[in-house]
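Following: one structure in structure tokens, then a few remarks.
There are 2 protein chains.
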Amino acid sequence: MNLITVNKALEIVVNNSENFGNEEVDFINSLGLILKENIYADRDFPPFDRVSMDGIAIAAEAFNKGQRSFKIEGIQAAGSPQLTLQNVSNCMEAMTGAVLPKNTNAVIQYELLTIENGIATINLATVKSFQNIHLKGTDKKQGDLLVKENALISAAEIGVFAIVGKSIVKVAKQPKVMIVSTGNELVEVAENPADYQIRRSNVFTMVSLLEKLHIKAETRHILDDKEVLLTKIESLLNNYDVLIFSGAVSKGKFDFIPEVLDELGVKKLFHQVKQRPGKPFWFGKKNHENILGTKVAERSRSTVFAFPGNPVSTFVNCIKYFYPWYYKSVGLNFENKQQAILSEDFYFKPEMTYFLQVKLNQIGGELWATPISGKGSGDLANLADADAFLELPDNRSNFTKGEVFPVIIYR
Amino acid sequence: MNLITVNKALEIVVNNSENFGNEEVDFINSLGLILKENIYADRDFPPFDRVSMDGIAIAAEAFNKGQRSFKIEGIQAAGSPQLTLQNVSNCMEAMTGAVLPKNTNAVIQYELLTIENGIATINLATVKSFQNIHLKGTDKKQGDLLVKENALISAAEIGVFAIVGKSIVKVAKQPKVMIVSTGNELVEVAENPADYQIRRSNVFTMVSLLEKLHIKAETRHILDDKEVLLTKIESLLNNYDVLIFSGAVSKGKFDFIPEVLDELGVKKLFHQVKQRPGKPFWFGKKNHENILGTKVAERSRSTVFAFPGNPVSTFVNCIKYFYPWYYKSVGLNFENKQQAILSEDFYFKPEMTYFLQVKLNQIGGELWATPISGKGSGDLANLADADAFLELPDNRSNFTKGEVFPVIIYR
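Those protein sequences? They're chains A and B, same order as listed.
If you want the numbering used here, it's the position in the first sequence, counting the first as 1, plus 531.
If you want the numbering used here, it's the position in the second sequence, counting the first as 1, plus 531.
Structure, rendered in structure tokens:
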């Protein structure tokens with residue numbers, strides 16, 4: 532058999548990433564997307580010498596000459612233009628977030644003051660210049676790079692966009708994805724299957740897996756009829772950046788997907804990977820440019836992931852291959868380096884990479900993986916009991932408690 | 532000062548969780564929500580003796596009597612009613628996912644066959660009964676509990692809902708949350724601030740943090756004017772399950788939030804926590820029932836989280852306190868037990884819990900935390916460089932490389 536290794540398959544998939552261009556969105560709608568511009572400080576941060584405690588602002592020199600009681604001249608509130616202390620023997624009440632009043636250089640918090648009849652008396656032996664003042668530009672200088680292009684936008688980045696006034700940000704456009712189920716045994720979720728039928732589930736699992744990447748995928752079901760498949764898939768290829776199939780890629784009499792894709796000009800990049808579950812994975816690409824370089828579709832290429840139809844195969848392949856392909860496509864510099872420690876001995880005979888369903892446990896900074904009971908790669912219900920797949924290498928059969936392996940976490 | 536510990540504060544917050552009731556939603560819209568019913572197998576899984584390889588189905592007895600060549604009677608396709616092998620010396624082609632034909636009990640995959648002129652010859656020394664057959668009920672029996680009430684719904688659960696025909700699922704209703712900024716120094720994100728002003732950012736950071744919990748929060752800005760605050764907050768209390776404030780909870784002359792909440796009948800449960808950043812956190816509850824037990828608002832209680840206004844305080848408090856309160860409220864049995872290993876010695880003098888901004892690194896199944904450079908709890912831009920907060924306890928000042936501490940991961 533002509534199987535390629537998991538690492539080789541992943542390399543081919545990632546090397547065939549695509550660029551879907553950029554778009555501008557409201558910053559508040561950018562969570563989970565990939566930033567496509569550098570974000571710089573539009574001014575110093577703090578933008579002014581900023582009072583960082585509620586209390587009084589004084590000239591430290593007055594205190595250092597022995598003065599302890601200061602007449603209150605006024606109040607410097609947050610959000611008000613800078614006031615000026617007229618007499619440096621006086622003080623100004625000053626609030627957190629306010630501009631430091633002119634002619635002052637130290638703030639003493641209320642907790643260390645006695646205030647009576649408009650006079651604040653300081654109960655302190657020493658006062659340092661600039662105490663309780665967050666000086667202009669201490670955190671960042673105008674023009675400093677705050678967030679780099681290609682960052683995955685989290686709540687922290689949303690806050691930074693707001694602070695520097697980026698109400699519109701440039702992000703990577705998401706691919707347009709169609710997820711297709713085939714298989715005449717499938718009925719809709721709300722239907723009652725006959726004895727020999729089951730309900731469609733893989734497409735919904737994948738919609739949810741893609742939703743975690745903030746991709747809104749569509750779904751379709753196509754019967755196992757070669758002519759129907761040819762017509763419908765041709766149209767989908769013209770209209771979507773990515774087609775994901777579930778099923779009909781193995782050796783069955785009605786497994787038409789590989790030949791249909793071939794007839795439609797989708798170039799096979801590999802078929803069958805040395806792994807379990809998920810072996811009959813087919814991956815390819817359709818170039819929509821004709822020989823004269825003219826586009827014949829809205830897009831220049833479509834990428835096709837044709838996963839085997841059993842639920843666990845589809846699930847693990849979607850995370851193992853589609854996720855990194857997507858990350859590379861949108862420019863995210865992400866490699867899954869997560870590893871976990873096997874908590875009990877495990878044996879798996881075939882010389883294939885085995886994606887073992889495990890339950891995770893974090894203890895004292897260490898991540899432990901325990902195989903869940905249950906057999907059969909088709910058992911989707913087991914996935915609800917597990918948290919992750921431990922990726923056991925294809926070059927041996929015995930795996931020992933305490934060994935560390937790559938892990939694909941899906942919760 | 533009357534500070535309570537972080538653990539005590541968290542205990543009070545979690546003990547004041549609320550129940551927002553349940554609702555039914557389309558299963559495909561339930562990702563990230565909390566399941567509020569048990570999900571059972573509606574039938575056996577597999578629901579029939581299921582062919583798990585493409586090939587031929589035979590009666591193993593015929594093979595065991597020495598027969599190697601079998602005339603093909605027909606094809607059992609996936610999605611077709613069960614066929615019957617008429618002559619047990621013949622075979623039936625059978626596809627993955629199909630019902631096992633009647634009178635057969637073993638499947639031999641195409642790879643081990645030679646087929647010529649309608650005769651399949653088996654190139655194998657032994658055939659086991661039930662080989663390549665996934666027997667009815669092997670994975671789950673009808674009535675088995677597949678997903679327990681109170682599970683956080685991931686892609687795996689979505690797949691299970693589909694398989695058992697739960698097109699509508701019962702989930703926890705999300706709380707109705709209003710996030711309020713105060714502070715006269717704040718201007719909108721799209722505006723150009725004057726020298727003494729800054730842009731609103733905390734409310735958007737929190738909207739994003741709540742979006743990760745699939746809560747769609749609203750936002751409002753209210754000026755630091757006591758009468759305005761009284762009127763507007765009273766109305767918000769009547770209309771929202773949760774109010775989250777950012778700012779105006781410290782000792783400043785315009786920090787009206789605690790007294791306004793008090794005047795509006797919101798009971799203070801604590802104010803000020805022994806932590807940095809985030810110390811002036813105020814937490815309370817408003818009971819909307821009057822003394823006769825009649826509701827005076829749409830809801831019976833409102834919960835108020837009034838966080839201090841500096842960006843990092845708001846950020847860490849939202850994750851440290853609001854998240855567990857929400858989890859408890861919707862019934863999710865979740866406790867953050869994640870820990871990380873400090874990668875370098877660290878010193879922090881005040882006897883307060885310190886939320887140290889760290890960058891995480893997973894190496895060989897171990898999670899290491901490296902403090903990021905940068906000072907000042909107010910520096911939101913630093914959050915974009917970090918991944919998490921390491922929670923250093925309040926009873927000492929020296930923290931040593933290799934020690935393990937709780938960690939709050941926000942990416």
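We treat Cβ as the ideally placed atom computed from N, Cα and C, and that holds for glycine.
Going by the CB atoms, is the gap between residue j and residue i shorter than 8 Å?
i	j	result
T845 (chain A)	T736 (chain A)	yes
G778 (chain B)	P839 (chain B)	yes
T635 (chain A)	A687 (chain A)	no
A593 (chain A)	S620 (chain A)	yes
D573 (chain B)	V695 (chain B)	yes
Y771 (chain A)	L677 (chain A)	no
K667 (chain B)	P577 (chain B)	yes
V702 (chain A)	L566 (chain A)	yes
A837 (chain A)	I788 (chain A)	yes
E922 (chain A)	F879 (chain A)	no
C622 (chain A)	A591 (chain A)	no
Count the other CB atoms, across all protein chains shown, that sit within 10 Å of the CB of residue i; report buried if there are 16 or more and exposed otherwise.
i	result
R942 (chain A)	exposed
A721 (chain A)	exposed
D793 (chain B)	exposed
F930 (chain B)	buried
F692 (chain A)	buried
Q673 (chain B)	exposed
G809 (chain B)	buried
D755 (chain A)	buried
T645 (chain A)	exposed
I850 (chain A)	buried
G649 (chain A)	exposed
Under a CB-based cut-off of 8 Å, is residue i close to chain E?
i	result
G896 (chain B)	Within the model displayed, chain E is absent; protein chains A and B are what it includes.
Check the Cβ of residue i against every Cβ in chain A and list those closer than 7 Å, keeping chain order.
i	result
G714 (chain B)	A609, G610 and G628
E749 (chain B)	Result: empty, since nearest Cβ-Cβ is about 12 Å, beyond 7 Å.
F735 (chain B)	I559, I689, G690 and A693
V935 (chain B)	G895 and G896
E742 (chain B)	L562
Judging by CA-CA distance, which residue of the options is the nearest neighbour of residue i?
i	options	result
K757 (chain A)	A:V791, A:V804, A:N547 and A:T645	A:V791
E581 (chain A)	B:D670, B:D580, B:N841 and B:G896	Just to set this straight, residue 581 (chain A) is Arg in the shown sequence, not Glu. When each option's Cα is compared against that of R581 (chain A), the closest is B:N841.
I903 (chain A)	A:Y852, A:L873 and A:H819	A:L873
D955 (chain A)	A:A637, A:I940 and A:D910	Residue 955 (chain A) lies beyond the stretch modelled for chain A, which goes from 532 to 942, so this question has no answer here.
I606 (chain B)	B:A591, B:R599 and B:P632	B:P632
T955 (chain B)	B:K704, B:V759 and B:Q806	The requested residue 955 (chain B) is not part of the displayed model; chain B covers only 532 to 942.
V658 (chain A)	A:I664, A:I639 and A:H665	A:I639
E642 (chain A)	A:L655, A:P924 and A:Q806	A:L655
G933 (chain B)	A:S685, A:E897 and A:N864	A:E897
G690 (chain A)	B:N913, B:P937, B:P924 and B:N926	B:N913
S833 (chain A)	A:R807, A:L768, A:Q888 and A:I559	A:L768
N867 (chain A)	B:W856, B:V843, B:N892 and B:V847	B:N892
I775 (chain B)	B:G815, B:Q803 and B:V711	B:V711
What does residue i reach in chain B if we use C-beta pairs closer than 8 Å?
i	result
D585 (chain A)	S781, K782, G783, K784 and D786
L616 (chain A)	Correct list: empty, because the minimum Cβ distance to chain B is about 16 Å.
At 9 Å on the CB atoms, spell out the chain A contacts of residue i, in chain order.
i	result
F661 (chain B)	What F661 (chain B) touches in chain A: nothing, since even the nearest Cβ is about 13 Å away.
E758 (chain B)	Under the 9 Å cutoff, chain A gives no residues; its nearest Cβ is about 17 Å from E758 (chain B).
V711 (chain B)	Within chain A, no residue comes near V711 (chain B); the closest Cβ sits about 16 Å away, beyond 9 Å.
List, in chain order, every chain B residue whose beta-carbon is nearer than 9 Å to that of residue i.
i	result
Y641 (chain A)	K782 and G783
Y941 (chain A)	S685, A686 and A687
F576 (chain A)	I729, G909, D910, L911 and A912
F930 (chain A)	Correct list: empty, because the minimum Cβ distance to chain B is about 14 Å.
Along chain B, which residues have their Cβ under 7 Å away from the Cβ of residue i?
i	result
S698 (chain A)	V720 and A721
I606 (chain A)	K784
Q613 (chain A)	Y727
F579 (chain A)	D726 and Y727
How would you list, in chain order, the residues of chain A whose beta-carbon sits under 8 Å from the beta-carbon of residue i?
i	result
G840 (chain B)	T627 and G628
S844 (chain B)	Here the premise fails: no neighbours, minimum Cβ distance about 11 Å.
Can you list, in chain order, the residues of the segment 772-786 of chain B whose Cβ is nearer than 9 Å to any Cβ on chain A?
-> G778, S781, K782, G783, K784, F785 and D786
Where the segment 620-632 of chain B meets chain A: residues whose CB sits under 7 Å from a CB there | E624, M626, T627, G628 and V630
Relative to chain B, which residues along the segment 801-813 of chain A have a C-beta separation below 9 Å, given in chain order?
-> none
Selection of the segment 864-896 of chain A by Cβ proximity to chain B, strictly under 7 Å | K868, Q869, Q870, A871, I872, Q893, G895 and G896
Check each residue of the segment 678-695 of chain B: if its Cβ is closer than 7 Å to any Cβ of chain A, include it; give the result in chain order.
-> V678, S685, A686, A687, E688, I689, G690, V691, A693 and I694
Between the segment 533-564 of chain B and chain A, which residues of the former have CB atoms less than 8 Å from a CB of the latter, in chain order?
-> F558, I559 and L562
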